[in-house]
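Heads up: the sequence shown runs through residues 43 to 265, numbered per this note's numbering. Even glycine gets a Cβ: it sits at the ideal position worked out from N, Cα and C. Just so you know, these numbers come straight off a predicted model, no measurement behind them. Okay, structure first, notes after.
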Amino acid sequence: MSDLIVQAKGIWKAFGSNEVLRSVDLQMALGERVALIGPSGSGKSTLLNCLGGLERADAGTLIFDGVEMQGLSGDALAVLRRERLSSIFQFFHLLPTLTAQENVEFPLRLLGVASKEREQRVAKLMDQVQLTARKDALPEQLSGGEQQRVAIARALAIRPKLILADEPTGNLDSVTGAAILDLIEMLAEAYQTALVLVTHSLEATRICHRTLRMCDGVILEKA
Ligand SMILES: Nc1ncnc2c1ncn2[C@@H]1O[C@H](COP(=O)(O)OP(=O)(O)OP(=O)(O)O)[C@@H](O)[C@H]1O
Ligand SMILES: [Mg+2]
43 MSDLIVQAKG IWKAFGSNEV LRSVDLQMAL GERVALIGPS GSGKSTLLNC
93 LGGLERADAG TLIFDGVEMQ GLSGDALAVL RRERLSSIFQ FFHLLPTLTA
143 QENVEFPLRL LGVASKEREQ RVAKLMDQVQ LTARKDALPE QLSGGEQQRV
193 AIARALAIRP KLILADEPTG NLDSVTGAAI LDLIEMLAEA YQTALVLVTH
243 SLEATRICHR TLRMCDGVIL EKA
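Structural data, given as structure tokens:
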């Protein structure tokens, strides 16, 4: 087994004539946290989408957790995503009709995890994000910071190998954002989950082992 979770080489992606990723290389170790910074439009979210299998690269190789993703069918890619990858978004993306606890449980239901195991994992995660008292609240009844804590718990429920976070503090005030970053760091460490953190905030890079800067579709060396 490789000790690399991500091995991306020569990733190209164009939308029409707009070449958004122009030979991106990225290697990440198991459990490694990498921050990705760079100007608006430089390709950060597109790279995240390629790493997560939401977009297919036009060229290059992408090996995730030992699996060459480019060759997978749509169905196989969906299974890989469901089992091993999670995302955290700027606008939380919780399911509005499910309670906080049900949102965290949802990916485990999709995976067919048995009910007792689901209950145990969800209870532990709700405790770890300090939302046990609010477990039956709907997303609309929660603050932005609380919603993001639910999203973090949901992301970890499947024990993913990699979390892709696209500006997870972008919609939060700085104090709440700092607490969310601390929580992501603490739980990524506890669950040994690798992380790609796209951020506009240099401050946020503190929770990562490395920071990379994207510019015009390429990764420049050290930020
Ligand atoms: N689905 C799409 N169809 C067409 N063009 C797209 C698509 N997604 C992204 N682009 C274009 O790709 C370029 C890079 O976009 P991307 O969202 O990756 O940038 P970003 O670095 O995440 O920017 P930001 O910091 O503003 O979020 C932009 O020019 C954008 O318009
Ligand atoms: Mg973006």
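Cβ-Cβ distances below 7 Å link residue 167 to 146, 195, 198, 199 in the same chain, with the five nearest sequence neighbours on each side left out; the list follows chain order.
Judged by DSSP in its simplified three-state form, residue 77 adopts strand.
Residue 203 has its Cβ no nearer than 6 Å to any heavy atom of ligand 1. The alpha carbon of residue 128 has as its nearest neighbour, out of 247, 208, 217, the alpha carbon of 208.
Relative to ligand 2, the beta carbon of residue 158 is positioned no closer than 6 Å to any heavy atom. Straight-line spacing of the CA atoms in residue 211 and residue 132 works out to 6 Å.
Nearest Cα to residue 191 within the set 205, 235, 173: 173. Within the chosen limit of 6 Å, ligand 1 does not reach the beta carbon of residue 131 with any heavy atom.
Distances from the CB of residue 185 to the heavy atoms of ligand 2 are all 6 Å or more. When rounded, the separation of the alpha-carbon atoms in residue 63 and residue 91 is 11 Å.
One residue after another in chain order, those with a Cβ under 5 Å from a heavy atom of ligand 1 are 57, 62, 82, 83, 84, 85, 86, 87, 88. Membership of residue 250 in any beta strand (DSSP E) is not indicated, and neither H nor E is assigned to it by DSSP. The three-state reading of DSSP puts residue 208 in strand, counting E and B together.
Taking C-alpha positions only, residue 245 is separated from residue 214 by approximately 14 Å. In this structure, DSSP gives residue 67 an extended state, which the three-state scheme calls strand.
Excluding sequence positions up to five before and after residue 219, its CB lies within less than 7 Å of the CB of 211, all in the same chain and listed in chain order. About 6 Å separates the beta carbon of residue 66 from that of residue 50, a gap short enough to meet the 8 Å contact definition.
Taking 7 Å as the cut-off, the Cβ atoms of residue 86 and residue 240 count as close. Scanning its chain for C-beta atoms nearer than 6 Å, with the 5 sequence neighbours on each side dropped, one finds around residue 95 the residues 111, 119, 123, in chain order.
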